[in-house]
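Visitor: Protein chains in written order, with this note's numbering: chain A, 21 to 454; chain B, 21 to 454.
Glycine included, every Cβ here is placed at the ideal spot set by N, Cα and C.
Nothing here was measured: the structure is a model prediction, and the numbers come from that model.
Number of protein chains: 2
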Amino acid sequence: MNLPISDETLNKVLHEMDIDHISDATIKQCCGVAKALEDLSGTRFSHLEFGVPGLKACQIGVDAQKRALDDGVASIYPNITGIPELKANASEFIKAFINLDINPECIIPTVGSMQGSFNLIFQCSKLQKEKDTILYINPGFSPHMLHSHVLGINYESFDIYNYRSEKLREKLEEYLSKGNVAALLYSNPNNPTWVCLTEEELQIIGECATKYDVIVLEDLAYLGMDFRTDISKPFEAPFQATVANYTDNYVLMLSASKIFSYAGERISLVAFSNKLYKREYKQLKELYGIGRMGESFALTFLYVASSGTSHSAQHAISAMMKAAVNGEYDFVGETREYARRAHIIKGLFTKYGFNIVYDKDGDANIGDGFFFTIGYQGLDNEELLLRLLRCGISAISLKETGSRQAGVRVCVSVLSSDQDMQLLEQRIKMFVEL
Amino acid sequence: MNLPISDETLNKVLHEMDIDHISDATIKQCCGVAKALEDLSGTRFSHLEFGVPGLKACQIGVDAQKRALDDGVASIYPNITGIPELKANASEFIKAFINLDINPECIIPTVGSMQGSFNLIFQCSKLQKEKDTILYINPGFSPHMLHSHVLGINYESFDIYNYRSEKLREKLEEYLSKGNVAALLYSNPNNPTWVCLTEEELQIIGECATKYDVIVLEDLAYLGMDFRTDISKPFEAPFQATVANYTDNYVLMLSASKIFSYAGERISLVAFSNKLYKREYKQLKELYGIGRMGESFALTFLYVASSGTSHSAQHAISAMMKAAVNGEYDFVGETREYARRAHIIKGLFTKYGFNIVYDKDGDANIGDGFFFTIGYQGLDNEELLLRLLRCGISAISLKETGSRQAGVRVCVSVLSSDQDMQLLEQRIKMFVEL
Numbered sequence: 021m022n023l024p025i026s027d028e029t030l031n032k033v034l035h036e037m038d039i040d041h042i043s044d045a046t047i048k049q050c051c052g053v054a055k056a057l058e059d060l061s062g063t064r065f066s067h068l069e070f071g072v073p074g075l076k077a078c079q080i081g082v083d084a085q086k087r088a089l090d091d092g093v094a095s096i097y098p099n100i101t102g103i104p105e106l107k108a109n110a111s112e113f114i115k116a117f118i119n120l121d122i123n124p125e126c127i128i129p130t131v132g133s134m135q136g137s138f139n140l141i142f143q144c145s146k147l148q149k150e151k152d153t154i155l156y157i158n159p160g161f162s163p164h165m166l167h168s169h170v171l172g173i174n175y176e177s178f179d180i181y182n183y184r185s186e187k188l189r190e191k192l193e194e195y196l197s198k199g200n201v202a203a204l205l206y207s208n209p210n211n212p213t214w215v216c217l218t219e220e221e222l223q224i225i226g227e228c229a230t231k232y233d234v235i236v237l238e239d240l241a242y243l244g245m246d247f248r249t250d251i252s253k254p255f256e257a258p259f260q261a262t263v264a265n266y267t268d269n270y271v272l273m274l275s276a277s278k279i280f281s282y283a284g285e286r287i288s289l290v291a292f293s294n295k296l297y298k299r300e301y302k303q304l305k306e307l308y309g310i311g312r313m314g315e316s317f318a319l320t321f322l323y324v325a326s327s328g329t330s331h332s333a334q335h336a337i338s339a340m341m342k343a344a345v346n347g348e349y350d351f352v353g354e355t356r357e358y359a360r361r362a363h364i365i366k367g368l369f370t371k372y373g374f375n376i377v378y379d380k381d382g383d384a385n386i387g388d389g390f391f392f393t394i395g396y397q398g399l400d401n402e403e404l405l406l407r408l409l410r411c412g413i414s415a416i417s418l419k420e421t422g423s424r425q426a427g428v429r430v431c432v433s434v435l436s437s438d439q440d441m442q443l444l445e446q447r448i449k450m451f452v453e454l
Numbered sequence: 021m022n023l024p025i026s027d028e029t030l031n032k033v034l035h036e037m038d039i040d041h042i043s044d045a046t047i048k049q050c051c052g053v054a055k056a057l058e059d060l061s062g063t064r065f066s067h068l069e070f071g072v073p074g075l076k077a078c079q080i081g082v083d084a085q086k087r088a089l090d091d092g093v094a095s096i097y098p099n100i101t102g103i104p105e106l107k108a109n110a111s112e113f114i115k116a117f118i119n120l121d122i123n124p125e126c127i128i129p130t131v132g133s134m135q136g137s138f139n140l141i142f143q144c145s146k147l148q149k150e151k152d153t154i155l156y157i158n159p160g161f162s163p164h165m166l167h168s169h170v171l172g173i174n175y176e177s178f179d180i181y182n183y184r185s186e187k188l189r190e191k192l193e194e195y196l197s198k199g200n201v202a203a204l205l206y207s208n209p210n211n212p213t214w215v216c217l218t219e220e221e222l223q224i225i226g227e228c229a230t231k232y233d234v235i236v237l238e239d240l241a242y243l244g245m246d247f248r249t250d251i252s253k254p255f256e257a258p259f260q261a262t263v264a265n266y267t268d269n270y271v272l273m274l275s276a277s278k279i280f281s282y283a284g285e286r287i288s289l290v291a292f293s294n295k296l297y298k299r300e301y302k303q304l305k306e307l308y309g310i311g312r313m314g315e316s317f318a319l320t321f322l323y324v325a326s327s328g329t330s331h332s333a334q335h336a337i338s339a340m341m342k343a344a345v346n347g348e349y350d351f352v353g354e355t356r357e358y359a360r361r362a363h364i365i366k367g368l369f370t371k372y373g374f375n376i377v378y379d380k381d382g383d384a385n386i387g388d389g390f391f392f393t394i395g396y397q398g399l400d401n402e403e404l405l406l407r408l409l410r411c412g413i414s415a416i417s418l419k420e421t422g423s424r425q426a427g428v429r430v431c432v433s434v435l436s437s438d439q440d441m442q443l444l445e446q447r448i449k450m451f452v453e454l
């Protein structure tokens, strides 16, 4: 094993890739650096930077998608608002695991939640003249902020680290009382920190959203993966925590990428509350001729974006949701594998003196899941990342995610075998000794 | 047969659907009116309004897509710039049928050409500060103009009807000499008129694009379907006509929707000229950190739009293109069925006194293909459409497509049987007698 990599080699690679500060690099650039260092050192890295599914795709989806192709859907434009059976099954799925009543018509497929969030942000910025700003509760998934940046939409953000519990209300009031916020966005469980908002915090967000007429865009990409609460039994409590219990001003994003390990087919759902779906916005009508929130989203925004979502993939997610509702597919049990990996990897880092940066939800320790965050004895992002890289560990800086804390994000999805874990431990040891 | 429908019934339906003028209605609204009238009259309409494939999906694509799903691609994020085999096969396909040398790296999959044109227009508006306007050569596919409208980008357009041949140069100079046009867009063969630009006209467009540093966005959705020229033999002349023979400032859009009857899976390609792909734009770099045209398109615009295109559908289009290149799948022969239908349907309309509105390319009669345009004895769009509807024929107004001529667009794709044709003739006869 040709590790640690020398400072000279590392600096040379960064220079060649035109990266001044690794802590400012995008995920794609971090992957590029790791790849270059792997080639130079002839050593496979411990990849903690990818946020990709580490499990096989749900076979029920694969079978349904193949069946749909055999049935001839490839030649037929998909309905932009979604095929009827998907809408019905998704409505049942939401009832079974989130305990919400959302009408089938209010649920619309998108080309991944990336298309969902892009177009929701876009649409929300066009609803009311004075509301032109998106508020991000950070840390977050960096493309969410990129949506606003590329679209030229104003946005603001804050790091939730110092604003948990009642302090969150003060912070939200500070932004929302200005009256210019159209929508606020967060992911729960959170990418990159695995913070899961408490019921108290969700209630605060919901109440503020109602009070200031702000739409909450809640990304549930990791639905059911706060394994401290087992939501795996359909139609039985406990259910997925959500802001939807505290306001009608919400839109949920449900991606198949992680829940069903179906990232390759770019299939997700957007679910509007029944009330918001039907709400008329005068400005939407004036601008695009269609004033109702839900119809405008599909027939104006999704129409010009891609004219709908893969017909066969709609059948896939429909079948997977149906199987989950019927208790034939335990998606929570399948993804629990990530908790097992997180438990081991967290243990390794803390054993050698690393700390968990975002460590609590209320009084409870943060759960084991897809991501967690680590810091080391006050090292800043830059130093921490560079040292990890020299020891064959690649990760991404918290800075890129809108966090103001020092640390890196660890994704556990691609490390699975005992050998992967042993190798990681050796490298962490090397890091400490460096 | 409960036709003709009375004026009262028709007006009642239009009123209920909040449509003041049927000639201003969108395709979706026209479909809605036809549906309502079908329900009321208990009579199936002759649908000439849908622009959907009327053929089965290419089986080679279906088989490849199913194989890819079996191979596990559903769990793996697709490379945003496209899977390597697709890029290589597409490059060969473009050589075989368009006789252009485009490097594989310059070819990128999109979620239908809708995603391609949306993001190309968006990107082109951000290249150079002073170039903030999109020019449409109309008539055209109405969502293309909607892209600019929704994105808030300036656009201009003209109806090509009076500007064929050398007159096209004068008209283009008039717009482009102002210096504010970033890109110009058209489809060839043209939706809705089936106008096919002559070599002379393509040369004019190419020369003007080079002279004024304007990017040509050429939509080749109906590649090979100008059946007056048989391009079906791979690597043998004649080839698909294209502006690419006259400028380097081009991007081609190649959709699988009609060429391979694969509309359901939302899969298309965008192909940049080798030169344009590599071109650096200072403003792109400043705004988004990536300055090269091709990389910016994929890593900035497509990334935030949907994070790539269905992994399995990429395998489908790859296999279909490979089969076409190898002479195993004659996509031109398959789609020639549309010419057969157009020949019959055009014959029926002209037999009863209708005229073809856009009737010539240079000295040649327009070809038989997916669409054509008809007028009747000076009736305006409104009267023509209403009378056709009363007789059980649904179509769309030319007005919606940016045409200033009176007439409607006829799409031949869903009428195929002798019975369909007989029914249509009875209804045309009824129209004339009304």
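(1) Determine which residues share a DSSP beta bridge with B:T130 and list them.
(2) Between which two residues does the beta strand (DSSP E) harbouring B:T153 extend?
(3) Within 8 Å (strictly less), CB to CB, does B:A384 reach chain A?
(4) Counting beta carbon pairs with one atom in the segment 259-276 of chain B and one in the segment 232-243 of chain B, are three or more of them shorter than 8 Å?
(5) Taking only three categories from DSSP, how would you classify A:S207?
(6) Using a Cβ-Cβ cut-off of 8 Å, state whether A:M134 counts as contacting chain B.
(7) Would you mind telling me which residues of chain B sit closer than 9 Å to A:A331, beta carbon to beta carbon, in chain order?
(8) Can you tell which of B:V215, B:L304, B:H41 has the C-alpha that lies nearest to the C-alpha of B:G387?
(9) Going along chain B in order, which residues have a C-beta closer than 9 Å to the C-beta of A:G52?
(10) Checking 8 Å against the spacing of the C-beta atoms, do A:S288 and A:T130 come in under that value?
(11) Throw me the rounded Cβ distance for the A:L222 and A:Y266 pair, which I believe falls under 8 Å.
(12) Would A:V452 pass as an interface residue toward chain B - the criterion being a Cβ-Cβ separation below 8 Å?
(13) Judging by CA-CA distance, which residue of B:R189, B:P209, B:A257 is the nearest neighbour of B:K231?
(14) What's the call for B:R429, buried or exposed, on a 16-neighbour Cβ count within 10 Å?
(15) What is the rounded straight-line gap between the Cα of B:F142 and the Cα of A:T249?
(16) Counting only Cβ-Cβ distances shorter than 7 Å, please list the residues of the segment 79-111 of chain A near chain B, keeping chain order.
(17) A:Y349 by DSSP, collapsed to three states: which one?
(18) Spell out whether any CB of chain A is found under 8 Å from the CB atom of B:P212.
(19) Please tell me whether A:I80 and A:Y349 are closer than 8 Å, where the distance is taken between their beta carbons.
(20) In the segment 329-359 of chain A, which residues sit with their C-beta less than 8 Å from some C-beta in chain B, listed in chain order?
(21) Under 8 Å by Cβ, that's how I've got A:S207 and A:G422 pegged, so tell me the actual separation to the nearest angstrom.
(22) In three-state terms, what does DSSP make of A:L399?
(23) To the nearest angstrom, report how far apart B:F391 and B:S162 are at their CA atoms.
(24) For the segment 242-261 of chain B and the segment 276-291 of chain B, state whether three or more C-beta atom pairs, one from each stretch, are separated by less than 8 Å.
(25) For A:T29, which of helix, strand or coil comes out of DSSP?
(26) Evaluate B:N174 with the Cβ neighbour count: other Cβ atoms within 10 Å of its Cβ, from every protein chain shown; 16 or more gives buried, anything less gives exposed.
(27) Do you know whose CA, among B:E58, B:N22, B:C78, B:C126, lies nearest B:A343's CA?
(28) For the beta strand (DSSP E) containing A:E238, name the first residue and the last one.
(29) Mark B:K371 as exposed unless 16 or more other C-beta atoms lie within 10 angstroms of its C-beta, in which case mark it buried.
(30) Would you call B:H35 buried or exposed, if buried means 16 or more other Cβ atoms sit within 10 Å of its Cβ?
(31) For B:E227 and B:I310, I'd like the C-alpha separation in whole angstroms.
(32) The segment 198-223 of chain A: which residues have C-beta closer than 9 Å to a C-beta of chain B, in chain order?
(33) Using a C-beta cutoff of 8 Å, does B:S436 count as contacting chain A?
(34) With a threshold of 8 Å between beta carbons, is A:L464 in contact with chain B?
(35) Count the CB pairs spanning the segment 354-365 of chain A and the segment 121-130 of chain A that are closer than 8 Å, and state whether there are at least three.
Guide: In terms of the structure at hand:
(1) B:S288
(2) 153-158
(3) no
(4) yes
(5) strand
(6) yes
(7) Before going further, note that residue 331 of chain A is His rather than Ala in the sequence given. Simply A283, G284, E285, R286.
(8) B:V215
(9) Result: empty, since nearest Cβ-Cβ is about 12 Å, beyond 9 Å.
(10) yes
(11) 6 Å
(12) no
(13) B:R189
(14) buried
(15) 44 Å
(16) G81, V82, Q85, K86, L89, G92, V93, A94, S95, I96, Y97, P98
(17) coil
(18) no
(19) yes
(20) T329, S330, H331, S332, A333, A336
(21) Wrong, their Cβ atoms sit about 12 Å apart, outside the cutoff.
(22) coil
(23) 15 Å
(24) yes
(25) helix
(26) exposed
(27) B:C78
(28) 235-239
(29) exposed
(30) exposed
(31) 29 Å
(32) none
(33) no
(34) This structure cannot settle anything about residue 464 of chain A, because the visible part of chain A is limited to 21 through 454.
(35) no
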